[in-house]
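Before any comments, here is the structure.
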């Protein structure tokens, strides 16, 4: 098991738990931003591989998620989460001054990472978005139109073609298995609009990863947002048959190889 370090930061709304996968002499920093209802520990497989390619890896649990403080899965303002992620970036840079910073956001984490890039893009070397909640995502509006949010948890089978991924997700006590909450849905709607109006990220290199069988965050809706955010300059890798979590898919080695091929020309040797 690779060595990890745990940190606790004072976040905007309570303690934020941060996991670090260290590197003795890194050439870049990787900041992983997880999705809705989950936690940074679900990225241990990806995070443990990145130090082998020269990264020191940091990953927070967002407020209301995992081991961080707050009512479960309640996010009233995603701007606060972006501010917390920026505090994690500062923690990483304090330990390793002057290194390039790569931001990787999945699903809801893609929305957070997109907004981070709009606010702090000058601090980034590259942005990687995986199945990002960005652009046209209809689920929050549909649920908010109901008098009561139905108790319909995420189907584990929608995550990956690998049944072990779904089984681990279903058994994970740090994963939220209940209904979405109205304040969080309202915050999604506001932040989708904020990012849509927030302008593109200019010349910042952006890689978009998506499974073409993603039933949780459909590919066409994300395309609208990615093209707007990147100014049409994004590199894209669409994986046939893959579901929502491309880093946990049956072709995960191919996905990682695509990420490294994208990053290598941007990073010091």
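Numbering (the UniProt record's numbering), first residue to last: 1 to 269.
The C-beta atom is built at its ideal place from N, Cα and C for all residues, glycine as well.
Stretch-stretch touch, CB-based, cutoff 8 angstroms, three pairs: the stretch 83-94 with the stretch 7-24: Touching, yes.
Which listed residue (128, 183, 156) has its alpha carbon closest to that of residue 210: The count along the chain shown starts at 1 and reaches residue 210 at position 210. Of 128, 183, 156, the residue nearest in Cα terms is 128.
Assigned exposure category for residue 42 - 16 Cβ within 10 Å defines buried: Taking the first residue of the chain shown as position 1, residue 42 is located at position 42. With 16 or more other Cβ atoms within 10 Å, it is buried.
Secondary structure of residue 249, DSSP reduced to three states: Within the chain shown, residue 249 is the residue found at index 249, counting from 1. DSSP places residue 249 in the coil class of the three-state scheme, outside both helix and strand.
Distance between residue 114 and residue 82 (C-alpha atoms, nearest Å): For the purposes of this step, residue 82 is taken as the residue at position 82 of the chain shown. For the purposes of this step, residue 114 is taken as the residue at position 114 of the chain shown. Residue 82 and residue 114 have their C-alpha atoms some 9 angstroms from each other.
Minimum length 4: unbroken alpha helix (DSSP H) runs contained in the stretch 16-80: The stretch 16-80 contains these whole alpha helix (DSSP H) runs: 44-49.
Terminal residues of the alpha helix (DSSP H) in which residue 186 lies: Here residue 186 refers to the residue found at position 186 when the chain shown is read from its first residue. Run containing residue 186: 182-197, per the alpha helix (DSSP H) assignment.
Option in 7, 265, 256, 242 with minimal Cα separation from residue 48: Numbered from 1 along the chain shown, position 48 holds the residue referred to as residue 48. Per the Cα distances, 256.
Segment contact flag, the stretch 48-61 with the stretch 107-122, C-beta cutoff 8 angstroms, min 3 pairs: Touching, no.
Buried or exposed by the 16-neighbour rule on C-beta atoms within 10 Å, applied to residue 148: Against the chain shown, residue 148 aligns to sequence position 148. So residue 148 ends up on the exposed side.
DSSP state of residue 244 mapped onto helix, strand, coil: In the chain shown, the residue the question calls residue 244 occupies position 244. Residue 244 carries a coil assignment under DSSP once its states are collapsed to helix, strand and coil.
Inter-stretch contact at 8 angstroms, needing at least 3 Cβ pairs: the stretch 218-231 / the stretch 127-144: Yes, the stretch 218-231 is in contact with the stretch 127-144.
Alpha helix (DSSP H) segment containing residue 112, residue limits: Position 112 of the chain shown, counted from the first residue, corresponds to residue 112. Taken as a continuous stretch (DSSP letters only), the alpha helix (DSSP H) holding residue 112 covers 108-120.
Cβ pair residue 140, residue 78 closer than 7 angstroms: Residue 140 sits at position 140 when you count from the first residue of the chain shown. Residue 78 sits at position 78 when you count from the first residue of the chain shown. Cβ atoms of residue 140 and residue 78: not closer than 7 angstroms.
Length of the line joining the Cα atoms of residue 116 and residue 230: In the chain shown, residue 116 corresponds to position 116, counting from 1. In the chain shown, residue 230 corresponds to position 230, counting from 1. Their backbone Cα atoms lie some 14 angstroms apart in a straight line.
Neighbourhood of residue 156 by C-beta distance below 6 angstroms, restricted to the same chain and skipping five residues each side: As a working mapping, residue 156 is identified with position 156 in the chain shown. Cβ contact annotation for residue 156 (same chain, cutoff 6 angstroms, sequence separation greater than five): 166, 169, 170, in chain order.
C-alpha gap between residue 192 and residue 228, whole angstroms: Counting from 1 along the chain shown, the entry for residue 192 is found at position 192. Counting from 1 along the chain shown, the entry for residue 228 is found at position 228. Rounded to the nearest angstrom, the gap between the Cα atoms of residue 192 and residue 228 is 12 angstroms.
Beta carbon of residue 54 nearer than 7 angstroms to that of residue 100: Within the chain shown, residue 54 is the residue found at index 54, counting from 1. Within the chain shown, residue 100 is the residue found at index 100, counting from 1. In this structure, residue 54 keeps its C-beta atom at 7 angstroms or more from the C-beta atom of residue 100.
Residue from 243, 68, 219, 202 whose Cα sits closest to the Cα of residue 236: The residue labelled residue 236 in the question sits at position 236 within the chain shown. When each option's Cα is compared against that of residue 236, the closest is 219.
Cβ-Cβ separation, residue 67 to residue 39 (assumed contact under 8 angstroms), whole Å: Your numbering for residue 39 matches position 39 in the chain shown. Your numbering for residue 67 matches position 67 in the chain shown. The pair is a contact, with the Cβ atoms about 7 angstroms apart (cut-off 8 angstroms).
Cβ pair residue 75, residue 184 closer than 7 angstroms: To locate residue 75, count along the chain shown from 1; it is residue 75. To locate residue 184, count along the chain shown from 1; it is residue 184. If you check the CB distance, residue 75 and residue 184 come in under 7 angstroms.
DSSP bridge partner residues for residue 6 (one or two, in chain order): Residue mapping note: residue 6 aligns to position 6 of the chain shown, counting from 1. Bridge partners of residue 6: 19.
Cβ-based burial, residue 181 [other Cβ within 10 Å; buried from 16]: Position 181 of the chain shown, counted from the first residue, corresponds to residue 181. Answer is buried; the Cβ neighbour count reaches 16.
Proximity winner among 98, 36, 56, relative to residue 4 (alpha-carbon distances): Along the chain shown, read from residue 1 onward, the residue named residue 4 stands at position 4. Looking at the Cα atoms, 56 is the closest of the given residues.
Reduced DSSP category for residue 210 - H, G, I as helix; E, B as strand; rest coil: As a working note, residue 210 is residue 210 in the chain shown. Taken through DSSP and simplified to helix, strand or coil, residue 210 comes out as strand.
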